[in-house]
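*Asks:* The structure's right below; bear with me while I get my questions together.
Number of protein chains: 2
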Amino acid sequence: MMKSRISDMDERNSQAYTEDQLSFFMEEALAQARLAELDGEVPIGAVIVQHGQIIARGKNSREESQDATGHAEIDAIRQACHQTGSWRLNDCDLFVTLEPCLMCAGAIIQARIRHLYFGASDPKSGMAGSAGDAFALPANHTVRITGGLLAGPCGDPLRSFFERKRNKI
Amino acid sequence: MMKSRISDMDERNSQAYTEDQLSFFMEEALAQARLAELDGEVPIGAVIVQHGQIIARGKNSREESQDATGHAEIDAIRQACHQTGSWRLNDCDLFVTLEPCLMCAGAIIQARIRHLYFGASDPKSGMAGSAGDAFALPANHTVRITGGLLAGPCGDPLRSFFERKRNKI
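Going down the list, the protein sequences come from chains A and B. Counting in the working numbering, the first sequence runs from 33 upward without gaps. Counting in the working numbering, the second sequence runs from 33 upward without gaps.
As structure tokens, this is what we get:
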């Protein structure tokens with residue numbers, strides 16, 4: 033079930049996505065998560081949508097790149113900025129398979145992302161309400177947030193990844 | 033005057049810097065801020081120190097790069113990761129001229145930076161206690177923080193930058 037902290041009234045400036053579109057975009061983020069997993073990374077993926085089109089894709093690459101900022105959201109945001117030629121992504125929505133961490137929450141606000149859709153919640157590090165609410169801190173931009181979109185399919189690869197890691201299979 | 037939330041006991045794992053070293057590293061961060069300003073950017077700079085040596089330098093480049101993540105701290109962290117070949121910067125300290133924003137606070141935690149030294153406080157967006165305290169949110173790494181190091185010299189170029197901007201000189 034999707035949880036949203038926005039009212040219908042607040043949707044007026046948002047792209048009106050159909051349920052099918054929402055699922056499609058999150059499936060595309062999941063495809064990025066699977067690519068990350070093939071590289072031995074924690075399976076997290078993201079896409080950024082502008083005017084109904086995917087303009088950037090990102091995946092977790094921290095181990096391969098040995099870059100502490102190599103999270104799916106940062107990757108996607110940097111690509112979207114490059115793609116649009118602007119650091120302001122006001123008319124862009126971000127779909128990510130896992131609730132963002134503190135750094136990514138901050139990057140989403142910095143980039144002026146309009147609407148954040150995330151899949152699975154992260155009780156340990158999720159900063160959109162689970163471990164903390166970074167989006168509630170003072171900021172000059174408010175991000176609309178919808179969590180729990182394809183939460184099961186988004187969480188499954190993460191659960192099995194960490195289970196395999198624990199069992200060293 | 034420097035404010036620190038660490039006790040002498042907590043210093044045991046920190047590099048013991050002399051006052052001259054602390055000033056020297058922050059001056060080097062200030063040199064990066066001046067370079068940013070020459071590029072027409074908000075004058076913020078950072079350096080990262082490992083084993084008493086500067087291993088990375090960063091400056092705000094958001095306008096030039098049109099990258100929402102183009103803050104001095106992110107720039108320096110990515111360089112330090114590249115330099116050391118590791119996303120874990122546990123034995124590294126970061127010196128930055130302005131109190132970090134939410135994104136950079138998150139990146140500093142992600143990179144496992146040992147000690148954050150910042151210059152000027154940022155009442156609007158500073159997340160090391162001024163506008164909020166992102167470092168107090170649940171995390172698997174604790175960063176030691178010292179604010180107010182060369183606060184005056186670090187804040188002056190920012191104040192004059194925004195004053196010029198307001199007056200459109």
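C-beta: ideal position from N, C-alpha, C; glycine also.
(1) Helix, strand or coil, according to DSSP, for Gln-98(A) in the structure here?
(2) Can you tell me where the alpha helix (DSSP H) holding Thr-116(B) begins and where it ends?
(3) Using only the alpha-carbon positions, how far apart do Asp-165(A) and Gln-142(A) sit?
(4) Less than 8 Å between the C-beta atoms of Glu-96(A) and Leu-126(A), yes or no?
(5) List, in chain order, every chain A residue whose beta-carbon is nearer than 7 Å to that of Ile-106(B).
(6) If we cut at 8 Å on Cβ distances, does Ala-137(B) have a partner in chain A?
(7) Alpha carbon to alpha carbon, how far is Leu-70(A) from Ser-93(A)?
(8) So, under 8 Å CB-CB, Ala-160(A) and Ile-177(A) are touching, yes? Tell me the CB distance rounded to an integer number of Å.
(9) Taking Leu-134(A) as the reference, give the member of Phe-167(B), Gly-184(B) and Lys-197(B) with the closest Cα.
(10) From Pro-185(A) to Gly-138(A), what distance separates their C-alpha atoms?
(11) Is the Cβ of Gly-90(A) closer than 8 Å to any Cβ of chain B?
(12) With a cut-off of 8 Å on the beta carbons, I'd call Gln-115(A) and Ile-86(A) a contact; round off their distance for me.
(13) Could you tell me the distance, in whole angstroms, from the CA atom of Asp-107(B) to the CA atom of Ile-76(B)?
(14) Write down the C-beta distance between Asn-122(A) and Arg-146(A) rounded to the nearest angstrom, noting that I regard them as a contact closer than 8 Å.
(15) Determine the closest residue to Tyr-149(B) out of Glu-73(B), Thr-50(B), Gly-72(B) and Gly-179(B), with distance taken between C-alpha atoms.
(16) Closest by CA to Arg-144(B), which one among Asp-188(B), Ser-55(B), Ile-80(B) and Gly-72(B)?
(17) So for Glu-43(A), helix, strand or coil by DSSP?
(18) Within a Cβ cutoff of 7 Å, which residues of the same chain sit near Asp-42(B), ignoring the five residues on either side of it in sequence?
(19) Over the uninterrupted beta strand (DSSP E) stretch that includes Phe-127(B), give me the two end residues.
(20) Is Asp-188(A) helix, strand or coil when you go by DSSP?
(21) Below 8 Å on the Cβ atoms is my contact criterion, and I expect Asp-99(A) with Cys-113(B) to pass it. Report the Cβ-Cβ distance as a whole number of Å.
(22) With a threshold of 8 Å between beta carbons, is Cys-124(B) in contact with chain A?
(23) According to DSSP, is Lys-91(B) helix, strand or coil?
(24) Thinking just about the alpha-carbon of each residue, which of Gly-84(A), Lys-200(A) and Ala-163(A) is nearest to the one in Ala-48(A)?
(25) Pick helix, strand or coil for Ala-163(A), following the three-state DSSP scheme.
*Replies:* According to the structure data:
(1) In the structure shown, Gln-98(A) sits in coil (DSSP, three-state: anything other than H, G, I, E or B).
(2) For Thr-116(B), the enclosing alpha helix (DSSP H) covers residues 104–116.
(3) The C-alpha of Asp-165(A) lies about 16 Å from the C-alpha of Gln-142(A).
(4) Judged by beta-carbon spacing, Leu-126(A) lies beyond the 8 Å limit of Glu-96(A), meaning their Cβ atoms are not closer than that value.
(5) Result: Thr-101.
(6) By this cut-off, Ala-137(B) is an interface position.
(7) C-alpha separation (whole angstroms): 11 Å.
(8) Confirmed, about 5 Å.
(9) Per the C-alpha coordinates, the member of Phe-167(B), Gly-184(B) and Lys-197(B) positioned closest to Leu-134(A) is Phe-167(B).
(10) The straight-line gap from Cα to Cα measures roughly 26 Å.
(11) Gly-90(A) is outside the set of residues whose beta carbon lies under 8 Å from a beta carbon in chain B.
(12) Not a contact, Cβ separation roughly 10 Å.
(13) Asp-107(B) and Ile-76(B): Cα-Cα distance of roughly 11 Å.
(14) Their Cβ separation, rounded to whole angstroms, is 6 Å, which keeps Asn-122(A) and Arg-146(A) in contact under 8 Å.
(15) If you compare the alpha carbons of Glu-73(B), Thr-50(B), Gly-72(B) and Gly-179(B) with that of Tyr-149(B), the shortest gap goes to Gly-179(B).
(16) It is Ile-80(B).
(17) In this prediction, Glu-43(A) scores a pLDDT of 46, lower than 50, which makes its location untrustworthy; no coordinate-derived value is stated.
(18) With a pLDDT of 45 at Asp-42(B), under the threshold of 50, the modelled position of this residue cannot be trusted, and the question is left open.
(19) From DSSP, the beta strand (DSSP E) with Phe-127(B) extends over 124–130.
(20) Three-state DSSP puts Asp-188(A) in a helix.
(21) The Cβ separation is near 5 Å, so the contact holds.
(22) For Cys-124(B), the answer is no, since every Cβ of chain A falls outside 8 Å of its Cβ.
(23) Reduced to three states, the DSSP call for Lys-91(B) is strand.
(24) Considering only alpha carbons, the answer is Gly-84(A).
(25) In the structure shown, Ala-163(A) sits in coil (DSSP, three-state: anything other than H, G, I, E or B).
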